[in-house]
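The block underneath contains the structure these notes are about, expressed in structure tokens.
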Amino acid sequence: MAEPKLTSVEELDVAAAEAELARLAAEIAAADAAYFQRDAPEISDADYDALRARNAAIEARFPELRRDDSPSNRVGAAPADGFAKAEHAVPMLSLGNVFDAEELSDFVASVRRYLSLAPEAALAFAAEPKIDGLSLSLRYENRQLTLAATRGDGAVGEDVTRNARTIADIPTELPDRAPDLFEVRGEVYMSKSDFAALNARQAEKGAKTFANPRNAAAGSLRQLDSAITAERPLRFFAYSWGAASDLPADTQMGVLAHFKEWGFSVNPLTRRCADAEALLAHYQAIGAERAALDYDIDGVVYKVDRLDLQERLGFRSRTPRWATAHKFPAEQAQTILEAIEIQVGRTGSLTPVARLRPVTVGGVVVSNATLHNADYIAGVGSDGAPIREGRDLRIGDVVTVQRAGDVIPQIVDLDLAQRPEAAEPYRFPEICPECGSAARREPGESVTRCTGGLTCPAQAVERLKHFVSRDAVDIDGLGAKQVEALFQDKWILQPADIYTLETRYGAGQPSQLKNREGWGERSAQKLFEAIAARKGLPLDKFIFSLGVRHVGEGSAKMLARRYQQWAAFADAMTQAGAERAAQEAGYHQSLADWRASQAERDAEADAEAAAPKPPKRPKLSDAGEHMRALLDIDGVGETMAVALADFFGEPHNQESVRRLLAEVAPEPFDAPPAQASPVSGKTVVFTGKLERMSRSEAKSRAESLGAHVAGSVSAKTDIVIAGPGAGSKLKKAEELGLTVMTEEAWLEFLGDA
């Protein structure tokens, strides 16, 4: 039986949508960091595109919930540490995608519609192979190479000028006929033959080998020692440009011709195509030649040829309207699924991994493949629809494997006729294999997560980084790098260990902190003083520091305001956790009984008896009085309630918090003194754009007057302040007959007009 599915966007309420956007922002940011910063992608292109599509759909329905860190506003990932930052004068954006002939025709038609072109009007495109490498921008001033920068997050990249100068395909000087200022952009790559030779040399030296040419090229370009880059066989194709004092031609193809004259390599398979049919024909021709090419490509890029039309078409938030990428389908092969193993990620996610009998797919030996989550194994897609015609995956199956996006291997099908008779349905674990804590899925999520946040080894480093972060405990001198180093040497494994650091590794100890690399007597003493200064913590900061999923700074303050004292909060959460655990145990027992009855029915082949229906997951509000009380708090939805209950219901977390409380003392919540005001004791919600003050300033002002500021509208809301662009919150307020004010009316009501 499949696990619960992702809630459709149309069925999300405000609280669930807000939590979902937070989850998507975190997952997309992690995927971007893996791909752009670590050169080690963790999810397939298709899964990445699905995450972005769901984020865009939720933002379209709830525009007022769009986050400051929304993936819609972002390209790539922040530059990695170790390099100077380089700001792009013209952003380096990504491309939209098409995947078949129909979508290609739609792209061409959309360009024509935007330009209001008559059917008979000419519209040519440049079509070029999409190189699987690392994007690079080269800035020439007075025709001298002055800066080479990676894409980074699209706005700021990494300065790799010294390394780029070692690449033979990159001229350090342009001819006199080139403009005074010009940024040439293109792709750094490594040929397949050079990649094979490099890996052979690495293996001979006992050094690390690379997974594929793209990773090898990216890792080679981003070496801190340019001498290492110089030893690597990197190449460069030029295909675009950024800032320019002048353009040498008025078409895409014309500018590329000048690139060749200036000494750059331009891909010889680039063609000018007159219409969609010609684009598709060239795509098919390149696809047929793909395997014989000595470099990896994953599609063909189409660009409107005339530059004046490109300028008219302009850009969306992160992609140009005048260009798109036509991706190739992934290469496939058959093999045997030998085992399913569970890996626990840094955020506690349990990810199933297929161990495969090794098989070559697209020139790469594949022995592992991602299985995403329990639904994927059971034959259910992220949208709840069947995949593989609903067939589940079992150990021993003959499966079809593809390299999704030519990077991440995944299983896309299986041959049911070859399934072994003894193969049994896979039971997704309900216990974390790393720490033994309960593993659960939150409502509306596809991922199963370990609930042992503070004690799970797989999550420990990220939890510790969060604990000491500026918005949490904020210990001066103990940042992410220091936490990683101290965790690696087992000096700090849990938050409580921070407060005993001086006792264990201060003066007179055998391994003193001051003797570690990067530390001295003064810096060690300053750290001990900073730790001691943070033993008394505001209740809201302490709650936030624990890193409970879906509990942000605002939610932590809301909970602190509601419970006032740590003891009251902890007792309520622990009781709610016990109720949630009992409810889950009862549900899973009912599910096990149902499965047993199904097995008996199948064994008896009793087709006459009506098949019993599987048990329904019980309502969370039926778990018990403490859970109901938690859900009754304005601003707490099911997602947050489950996260809190699971965290405080886990014995490992309880023990870790108990150890922490032996070292620190959460202070009672010091609510702003209630003033005699017309909003004292009332619940208010801000929605839309505020024009007289920032949202933060407006919330602080309301709270100082004794009001409670909530993030969502409910029957308990007293006043909704709606500015321009207000959406679903305003609509719900009107449906409930609540008091709605403009910003001006609100300020007048407060006497601030």
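Per my numbering, residue 28 is the first one in the sequence shown, and the count goes up by one each step. For each residue, glycine too, the CB sits at the ideal point set by N, CA and C. Owing to the predicted nature of the structure, the values given are computational and were not obtained by experimental measurement.
Residue i versus residue j - alpha carbon distance
i: alanine 603; j: alanine 136; result: 56 Å
i: tyrosine 532; j: leucine 573; result: 24 Å
i: methionine 768; j: glutamate 91; result: 17 Å
i: glutamate 130; j: alanine 303; result: 10 Å
i: glycine 471; j: cysteine 477; result: 16 Å
i: isoleucine 55; j: serine 272; result: 36 Å
i: alanine 145; j: phenylalanine 134; result: 16 Å
i: valine 138; j: alanine 318; result: 32 Å
i: threonine 199; j: proline 206; result: 15 Å
i: arginine 467; j: valine 663; result: 19 Å
i: glutamine 539; j: lysine 759; result: 60 Å
i: alanine 191; j: serine 582; result: 47 Å
i: threonine 34; j: alanine 223; result: 46 Å
i: lysine 492; j: tyrosine 141; result: 48 Å
i: leucine 377; j: asparagine 400; result: 8 Å
i: alanine 148; j: alanine 396; result: 48 Å
i: threonine 362; j: aspartate 442; result: 10 Å
i: glutamine 171; j: serine 409; result: 50 Å
i: alanine 107; j: arginine 178; result: With a pLDDT of 47 at alanine 107, under the threshold of 50, the predicted position of this residue should be treated as unreliable, though the coordinate-derived value follows. Taking the straight line from one Cα to the other gives about 11 Å.
i: valine 575; j: phenylalanine 674; result: 7 Å
i: valine 495; j: leucine 505; result: 7 Å
i: aspartate 516; j: alanine 587; result: 35 Å
i: arginine 497; j: arginine 728; result: 23 Å
i: aspartate 196; j: alanine 61; result: 27 Å
i: leucine 564; j: isoleucine 458; result: 33 Å
i: serine 741; j: alanine 77; result: 31 Å
i: valine 510; j: proline 695; result: 28 Å
i: aspartate 440; j: valine 425; result: 9 Å
i: alanine 360; j: lysine 541; result: 56 Å
Burial state of residue i, where buried means 16 or more other Cβ atoms lie within 10 Å
i: proline 645; result: exposed
i: proline 639; result: exposed
i: lysine 508; result: exposed
i: histidine 653; result: buried
i: isoleucine 255; result: exposed
i: asparagine 169; result: exposed
i: valine 392; result: exposed
i: valine 578; result: buried
i: glycine 778; result: exposed
i: aspartate 332; result: buried
i: glutamate 611; result: buried
i: glutamine 370; result: exposed
i: aspartate 96; result: exposed
i: threonine 530; result: exposed
i: aspartate 180; result: buried
i: lysine 756; result: buried
i: glutamate 185; result: buried
i: arginine 262; result: buried
i: asparagine 294; result: buried
i: aspartate 697; result: exposed
i: arginine 490; result: buried
i: phenylalanine 342; result: exposed
i: histidine 615; result: exposed
i: aspartate 819; result: The question about residue 819 has no answer here: the residues shown for the chain are numbered 28 through 780.
i: alanine 114; result: Residue identity check: residue 114 is glutamate in the sequence provided, not alanine. So glutamate 114 ends up on the exposed side.
i: lysine 553; result: exposed
Expected contact under 8 Å - CB spacing of residue i and residue j to nearest Å
i: proline 447; j: glycine 423; result: 4 Å
i: leucine 120; j: asparagine 82; result: Actually they are not in contact, since the Cβ atoms of leucine 120 and asparagine 82 sit about 17 Å apart, beyond 8 Å.
i: leucine 383; j: valine 428; result: 7 Å
i: alanine 116; j: glutamate 214; result: Between glutamate 214 and alanine 116 the Cβ distance is about 20 Å, and since that is not below 8 Å, they are no contact.
i: glutamate 690; j: lysine 562; result: 7 Å
i: serine 267; j: arginine 204; result: Incorrect: roughly 20 Å between the Cβ atoms, too far for contact.
i: alanine 523; j: leucine 657; result: Not confirmed; about 26 Å, so no contact.
i: arginine 607; j: valine 669; result: 7 Å
i: isoleucine 85; j: alanine 57; result: The Cβ separation is near 18 Å, so there is no contact.
Tell me the start and end of each unbroken alpha helix (DSSP H) in the segment 230-308 that is at least 4 residues and wholly inside, in chain order. 240-248, 253-258 and 279-289
Report yes or no: do three or more beta-carbon pairs, one from the segment 153-166 and one from the segment 225-237, lie closer than 8 Å? They do not touch, by the three-pair rule.
Report the residue ranges of all alpha helix (DSSP H) runs contained in full by the segment 557-627; include only those spanning at least 4 residues, in chain order. Runs of the alpha helix (DSSP H) inside the segment 557-627: 566-572 and 580-590.
Identify every run of the beta strand (DSSP E) within the segment 364-422, keeping only runs that are complete inside it and at least 3 residues long; order them along the chain. 376-388 and 391-397
Does the structure place the segment 449-467 close enough to the segment 591-606 that three or more beta carbon pairs sit under 8 Å? no
Going residue by residue through the segment 473-499, where are the continuous beta strand (DSSP E) segments of at least 3 residues, counting only ones entirely within it? Within the segment 473-499, the complete beta strand (DSSP E) runs of at least 3 residues are 475-477.
For the segment 742-756 against the segment 710-720, do three or more pairs of beta-carbon atoms, one drawn from each stretch, fall closer than 8 Å, so that the two count as touching? yes
If we require 3 or more residues per run, which beta strand (DSSP E) segments fall completely within the segment 154-219? Along the segment 154-219, the beta strand (DSSP E) occurs as fully enclosed runs of 3 or more residues at 161-168, 171-177, 183-185 and 208-216, listed in sequence order.
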